[in-house]
Amino acid sequence: MNENKSLPHYLFSIRMRAAANGNNGNDRQHLSGCERLVPYDQMATVVQNLFQRILIHTQGEADAINIQIDKIDRATIHLVPALKMDSLEFTTVDQAHSSAIASLVEFGVSKIAAHKGIELIKNLSASMRGGMVLDAITGKRIDNSGIRGVRLSHMDCENESAFLSFLAESGLGGEKVREAMILASKAAFTRDYVAELCWSDDPHYITGYVASKKIYRRLSPMKLKDDDIGGRVFFVKPNAGLDDLIDFFEHQPVLVKVLRK
Ligand code: WAQ
Ligand code: MG
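Residue numbering for the sequence shown is 1017 to 1277, as defined by our numbering.
1. Got a sec, what are the start and stop residues for the alpha helix (DSSP H) R1069 sits in?
2. Would the C-beta of M1032 count as close to the ligand WAQ, meaning under 7 Å from any of its heavy atoms?
3. So, helix, strand or coil for Y1221, using DSSP?
4. Measure the alpha-carbon distance for Q1268 versus D1208 and round it to whole angstroms.
5. Measure from the alpha carbon of L1136 to the alpha carbon of each residue in R1248, E1266 and L1066, then state which is nearest.
6. Taking only runs that begin and end inside the stretch 1184–1234, name each unbroken beta strand (DSSP E) of 3 or more residues, in chain order.
7. Consider the C-beta atom of V1193 and the heavy atoms of the ligand WAQ; say whether any pair is separated by less than 7 Å.
8. Buried or exposed: where does Y1302 fall if 16 or more other Cβ atoms within 10 Å of its Cβ makes it buried?
9. Compute every distance between the C-beta of T1061 and the non-hydrogen atoms of the ligand WAQ, then say whether any falls below 7 Å.
10. DSSP has K1087 in a bridge; who is on the other side?
11. How should E1051 be labelled, buried or exposed, when 16 other C-beta atoms within 10 angstroms of its C-beta is the threshold for buried?
12. Is any heavy atom of the ligand WAQ found at a distance shorter than 7 Å from the C-beta of A1196?
13. Any heavy atom of the ligand GDP closer than 7 Å to the beta-carbon of S1236?
14. What is the rounded straight-line gap between the Cα of E1266 and the Cα of H1170?
15. Between A974 and I1128, how many whole angstroms is the CB-CB distance? I'm expecting something under 8 Å.
16. Give the DSSP-derived three-state secondary structure of S1291 in the structure shown.
17. Is it a yes or a no for the stretch 1200–1207 touching the stretch 1227–1238, going by three-plus beta-carbon pairs under 8 Å?
18. Return the residue from the list I1153, V1109 and L1104 that minimises the CA-CA distance to V1282.
19. With DSSP collapsed to three states, give me the class of S1119.
20. Which residue marks the beginning of the beta strand (DSSP E) containing D1151, and which one marks its end?
Structure below.
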């Protein structure tokens, strides 16, 4: 953006989340969530769009919908580059997983840790809300967040139309890729980050990805159709500062910018 003089001093973090009552009453089951970081004059429209999306996604199943809006000083926002993207197609899940492991090793994850990441997601009996943090060398899980996992928040693309045309150039669109690219680009900017592994918990969505500090590599199929379990693993440097990492993931506002050569 060149029109610096017209940039507003504040953006608004809009986060929306739908929950249903869990079986034991107090454990609210997460149904759908989304977030944006936008200027004041877009707030009403964006709240309405996100709300519509939550309503469609939850189809009357939600028991509670939370909308949280926080004012963010633009000076505190980090502008981070969007990862480069490529895509690989396979015939079987096992082939895609082997390729994911090869890429993770190329990104600096040990073979043991890469295998462990795949196994951890594969063996989940229910999807988590966040991801697991693994030592990239030993493969040991280092976060203490249990079945909730660590979550990234306060992130969006810097320029909506530039971001959407960047995705469209690769024949891609839709909320899933948009959100995953933004999340992976923010995660990759974390100090002790090495790589990420992910596939969706949406039973219809079988494409997943591995990411490094430079690349977002889509892989398909990372699971079988109708499987409603997905997950995320963040591989970090040995002796990573876990508190700083989680603080950055949760609280650091980030806008992801498409860089043109
Ligand atoms: N922070 C950390 N982990 C999260 C977050 C978050 N904000 N949101 C979801 N997760 C974790 C959680 O364990 C979910 O079960 C899992 O990730 C999958 O989430 O290029 O849609 O939202 O075509 O189902 C990847 C491919 C799509 C996109 C990923 O993930 C493409 C996707 P979902
Ligand atoms: Mg999601």
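For every residue, glycine included, the Cβ atom is placed at its ideal position computed from N, Cα and C.
For this structure:
1. Taken as a continuous stretch (DSSP letters only), the alpha helix (DSSP H) holding R1069 covers M1059 to T1074.
2. Checking every heavy atom of the ligand WAQ against the Cβ of M1032, none is found closer than 7 Å.
3. In this structure, Y1221 counts as coil in the three-state DSSP scheme.
4. Rounded to the nearest whole angstrom, the C-alpha separation of Q1268 and D1208 is 15 Å.
5. Of R1248, E1266 and L1066, the residue nearest in Cα terms is R1248.
6. Whole beta strand (DSSP E) segments, 3+ residues: 1209–1215 and 1224–1227.
7. Yes, the ligand WAQ has a heavy atom inside 7 Å of this Cβ.
8. The structure shown has nothing for residue 1302, since the chain only spans 1017 to 1277.
9. No, Cβ of T1061 sits at least 7 Å from all heavy atoms of the ligand WAQ.
10. The partner list for K1087 (beta bridge, DSSP) reads F1028.
11. Here E1051 is buried: its Cβ has 16 or more other Cβ atoms, across all protein chains shown, within 10 Å.
12. Flag set: Cβ of A1196 near the ligand WAQ.
13. Questions concerning the ligand GDP fall outside what the structure shown contains, since the ligands it does hold are the ligand WAQ and the ligand MG.
14. C-alpha of E1266 to C-alpha of H1170: approximately 7 Å in a straight line.
15. Residue numbering for the chain in the displayed model covers 1017 to 1277; residue 974 lies beyond these limits and cannot be assessed.
16. Not covered by the structure: residue 1291. The range shown for the chain is 1017 to 1277.
17. Short answer: they touch.
18. This structure does not reach residue 1282, given that the chain is present from 1017 up to 1277, and the question cannot be answered.
19. Helix, per DSSP.
20. Run containing D1151: M1148 to D1151, per the beta strand (DSSP E) assignment.
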